[in-house]
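Each protein sequence line maps, in turn, to chains A and B.
Take 1 as the starting number for the first sequence in our numbering and just add one per residue.
Take 98 as the starting number for the second sequence in our numbering and just add one per residue.
Worksheet for the structure shown next.
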Amino acid sequence: MAKVAKESLELCTRVDSLLTKATGDPDAFYEFASENEEIIRCAFLARGVVRELINPLPELLTAIAAIEAEFAEYANQVVAVDVDDDEGEEDDEEEDE
Amino acid sequence: MFEKKLDTDPYLDRLEASDPDLYNEILLEFLKRPETKAAITRHEKTPPEILRRIAKENGAPYGNILSNPNCPPELIEERLKVGKDDELISISQNSSLSEDTVRALAASSYSPVLTWVCRRPDCPSDILESLFTICEQQWESAVAQQKLQPDDSASMFDDDLLFGGTDYGVYYEVDEYLIEAIASNPNTPEQVFKKMMTMDVHAKFFSDASLGSTLLSNPSVPAEDRAFLTLQGITKFEDPSRHVSSMIDHYGLPTSQAFEYSKFPTKYLEALNELGHPSALLHPNLKIVDQKYDFNEFVDGWIKYETIYRTLWPELAQREDIYFWYLRSSYDGDNFFFSIPGVELEHEFSRGSNTYNSMSYPFIDRPWVETDENMDIEMSHENFSNRDIDDLFDYSDDGEQYDLILAFLLSRNSWTREVESPQYTLTKKGEEFVCEWAESFFQDDRDMRVKIIPERALPYSWAAMPMANKERITEVIIQGFNGKVDTKYQYAEHFLTCIALHPSTPPSIKKALKEIDSKVIGQALLVSPWKED
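The following block contains the structure:
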């Protein structure tokens, strides 16, 4: 793998952390993802860089930098939900029906 | 016993009429291979001694043999004693049973057997009357149960109501196949009809008929009852296909099976060819004979046995621009098809049915096709490209969906050159990641590459076909296309497209195809240039 510059890796690591936060509420993330395709694409590709799955070209790093602020605005206000509890409620609802 | 039109292979009938010795010889030849042996039991003129011989062997197709009017009586007696439900159904569909046998069948406790017994034109009146008591008891029990229910409970089960809309609202508890069979049989006694007139005559059966429309169509129902039904707005239900089951329609001509084997003696194939057999027309080693060839008559057999595909498809793989694919899907059914840039072949996949641009009979072992299940990066991309993020969310488990989305996004411009300015390249680890997730996600619903091996489709081969045969076949298919009958002409259009694309199609035929009014054939010719003579 080609070495990624330290600054670039730091950028990708920050965006990857935002992605982890953002997915803390899966339902809200699903909605956000459907309206913000480019942000989501860049966020996941940042994760790909961190996990050494891709060698980014400068164009990708520029694109990731461009979405960071807007993505942070969304991710930092997400309150993580307990997925298991949420699912349990859904099951109960289905049973009631 | 009752008279009916026998379900027979017309080419065997013609052979029997023109050359009885050869007919007997070919029947014996059919006994030499398991597939042809099973096929011959569907021909309702196969003699009892041949059916007897087949029945003695392991794995004999008892269902076919027992429903064949020539089935040896001792065999029917033996299987009747064994009493297997599926065999009793087959026996009850045999037109040449003695009254004693019909009575023995009527003692079965298996409802489908009783239904078939009641459908028989030779079913005795007392059996019909006696079996009606089953329906009568079911009806009365359902009415009684309904009366015990509180008034408002019926609405909770509206979907389950058989006779909805009556004062009773009787639940779905009456064997409607049985009552329909009894109501339609002219031997049913008048007192049974009178009782039926007190039941719900409007509710629809699965067949789309109702008790009223079935009674109205039965000439034995008294005139005043029929008039009463008519006054209630009921009309006759005419469906000629009702209860008619032709094994030959379903499985194809027994003689077509003979053309499946390269070692089936040529003299018999030639004899069938002389009679204008549809499979013979596609056989490159048989000459064109002076017969009327009708595409609309032939096409079902060509498709069922896939001889037309074996003739036209395998050698298309010689073209570098044609890609063969196999779609495995428990939702759509499996489909085998090809694509080529510049030619808009519509693929309308549908479970269990044949669509004209693809082969949709799943799970058939075709020796000339090998599926390649390897999920490499190209196939991962191909499969992911038919999905979007919503699909991945909907069909993945919690905890795995984000890695799946990552794999999906990475596959987009990894190996493919479809993206004009790629923003990254996949590392080896990334490639493995994408392939692993594709392999795991696309287990059921996935595209696979296929390897085509034309030699294994022999003797069928467009390249090996003499020029005169190619011209005759093209002419027959063009007639089918211009005839615009049902959906058959769409098959004709597909086969003509294949001929246009085929590397072994001579210029004279391509010139003839140019005259056809079809967009897709025109596109196929554009990507298959030829030199004028």
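Backbone N, C-alpha and C fix where the C-beta goes; we use that ideal spot for every residue, glycine too.
Taking its Cβ as the centre, do 16 or more other Cβ atoms sit within 10 Å of residue 370(B), making it buried, or is it exposed? To locate residue 370(B), count along the second sequence from 1; it is residue 273. With 16 or more Cβ atoms within 10 Å of its Cβ, residue 370(B) is classed as buried.
Does residue 291(B) get closer than 8 Å to chain A when you measure Cβ to Cβ? Working through the second sequence from its first residue, we reach residue 291(B) at position 194. Not an interface residue.
CB contact below 8 Å: residue 486(B) versus chain A: Counted from its first residue, the second sequence places residue 486(B) at position 389. Yes, because at least one Cβ of chain A sits closer than 8 Å to the Cβ of residue 486(B).
Can the beta-carbon of residue 375(B) be found less than 8 Å from the beta-carbon of residue 398(B)? The residue labelled residue 375(B) in the question sits at position 278 within the second sequence. The residue labelled residue 398(B) in the question sits at position 301 within the second sequence. Yes, the pair counts as a contact, with Cβ atoms nearer than the cut-off.
Which runs of the beta strand (DSSP E) at least 3 residues long sit entirely within the region 519-585 of chain B? Give them in chain order. 521-523 and 543-549
Pick out whichever of 22(A), 73(A), 80(A) and 48(A) has its Cα sitting closest to the Cα of residue 4(A). As a working note, residue 4(A) is residue 4 in the first sequence. When only C-alpha atoms are compared, the closest one is 48(A).
Measure the CB-CB distance between residue 240(B) and residue 224(B) and report whether it falls below 8 Å. In the second sequence, counting from the first residue as 1, residue 240(B) sits at position 143. In the second sequence, counting from the first residue as 1, residue 224(B) sits at position 127. For residue 240(B) and residue 224(B), no; Cβs fall outside 8 Å.
Can you give me the Cβ contacts of residue 564(B) inside the same chain, cut-off strictly under 7 Å, excluding the 5 residues immediately before and after it? Against the second sequence, residue 564(B) aligns to sequence position 467. If you ignore the 5 residues before and after residue 564(B), its C-beta comes within less than 7 Å of the C-beta of 603, all in its own chain and listed in chain order.
Using a C-beta to C-beta distance shorter than 7 Å, which residues of chain A count as neighbours of residue 490(B)? Indexing the second sequence from 1 puts residue 490(B) at position 393. Chain A residues near residue 490(B): 30.
I need the boundaries of the alpha helix (DSSP H) containing residue 79(A), first residue and last residue. Residue mapping note: residue 79(A) aligns to position 79 of the first sequence, counting from 1. Neither: residue 79(A) is in no alpha helix (DSSP H) and is coded neither H nor E.
Interface flag, residue 55(A) vs chain B, CB-CB below 8 Å: In the first sequence, the residue the question calls residue 55(A) occupies position 55. Taking Cβ atoms only, chain B reaches closer than 8 Å to residue 55(A), which makes this a yes.
In chain order, which continuous runs of the alpha helix (DSSP H) of length 4 or greater are located wholly inside the region 122-178 of chain B? 131-137, 145-152 and 159-164
For residue 614(B), the nearest candidate out of 353(B), 562(B) and 581(B) (CA to CA): Position 517 of the second sequence, counting from 1, holds the residue named residue 614(B). Nearest option by C-alpha distance: 581(B).
Rounded to the nearest angstrom, how far is the Cβ of residue 160(B) from that of residue 187(B), given a contact under 8 Å? Translated into positions along the second sequence, residue 160(B) becomes position 63. Translated into positions along the second sequence, residue 187(B) becomes position 90. Correct: roughly 5 Å between the Cβ atoms.
Residue 55(A) lies in the beta strand (DSSP E); which residues open and close that run? As a working note, residue 55(A) is residue 55 in the first sequence. If you look at residue 55(A), you'll find it in the beta strand (DSSP E) that goes 54-56.
May I ask you to report which of helix, strand or coil DSSP gives residue 468(B)? Working through the second sequence from its first residue, we reach residue 468(B) at position 371. Looking at residue 468(B) - three-state DSSP - the assignment turns out to be strand.
By Cβ distance, which residues of its chain are closer than 8 Å to residue 584(B), with the 5 residues on each side in sequence left out? What you label residue 584(B) is simply residue 487 of the second sequence in a count that begins at 1. If we look at residue 584(B) and ignore the five residues flanking it on each side, its Cβ neighbours are 453.
Which of helix, strand or coil DSSP assigns to residue 115(B): Taking the second sequence and counting its residues from 1, the one referred to as residue 115(B) is at position 18. Residue state, collapsed to three classes: helix.
Alpha-carbon spacing of residue 554(B) relative to residue 158(B), whole angstroms: Along the second sequence, one-based indexing puts residue 554(B) at 457. Along the second sequence, one-based indexing puts residue 158(B) at 61. Their backbone Cα atoms lie some 28 Å apart in a straight line.
Under 8 Å by beta carbon: chain B residues contacting residue 23(A): Start at 1 with the first residue of the first sequence, and residue 23(A) comes out as number 23. Near residue 23(A) (Cβ distances below 8 Å), the residues of chain B are 499.
Tell me whether residue 389(B) sits in a helix, a strand or coil according to DSSP, three-state version. What you label residue 389(B) is simply residue 292 of the second sequence in a count that begins at 1. In the structure shown, residue 389(B) sits in coil (DSSP, three-state: anything other than H, G, I, E or B).
Rounded to the nearest angstrom, what separates residue 280(B) and residue 183(B) at their Cα positions? Looking up residue 280(B) in the second sequence gives position 183. Looking up residue 183(B) in the second sequence gives position 86. Whole-angstrom Cα-Cα distance: 24 Å.
In DSSP terms, what residue 216(B) is bridged to: For the purposes of this step, residue 216(B) is taken as the residue at position 119 of the second sequence. DSSP output for residue 216(B) lists no bridge partner at all.
For chain A, is any of its Cβ atoms less than 8 Å away from the one on residue 502(B)? Here residue 502(B) refers to the residue found at position 405 when the second sequence is read from its first residue. Output row for residue 502(B): interface = yes.
Should residue 309(B) go down as buried or exposed, given a rule of 16 or more other Cβ atoms within 10 Å for buried? Counting from one through the second sequence, the residue named residue 309(B) turns up at place 212. Buried, because 16 or more other Cβ atoms sit within 10 Å of the Cβ of residue 309(B).
Take residue 628(B) as the anchor and find which of 316(B), 230(B) and 607(B) has the nearest alpha-carbon. Position 531 of the second sequence holds residue 628(B). Of the candidates 316(B), 230(B) and 607(B), the one whose C-alpha sits nearest the C-alpha of residue 628(B) is 607(B).
Please report the distance separating the alpha-carbon of residue 618(B) from that of residue 441(B). One-based indexing of the second sequence puts residue 618(B) at position 521. One-based indexing of the second sequence puts residue 441(B) at position 344. Near 10 Å, if we compare the C-alpha coordinates of residue 441(B) and residue 618(B).
Between which two residues does the beta strand (DSSP E) harbouring residue 189(B) extend? Numbered from 1 along the second sequence, position 92 holds the residue referred to as residue 189(B). No beta strand (DSSP E) contains residue 189(B), which is instead part of the alpha helix (DSSP H) from 182-189.
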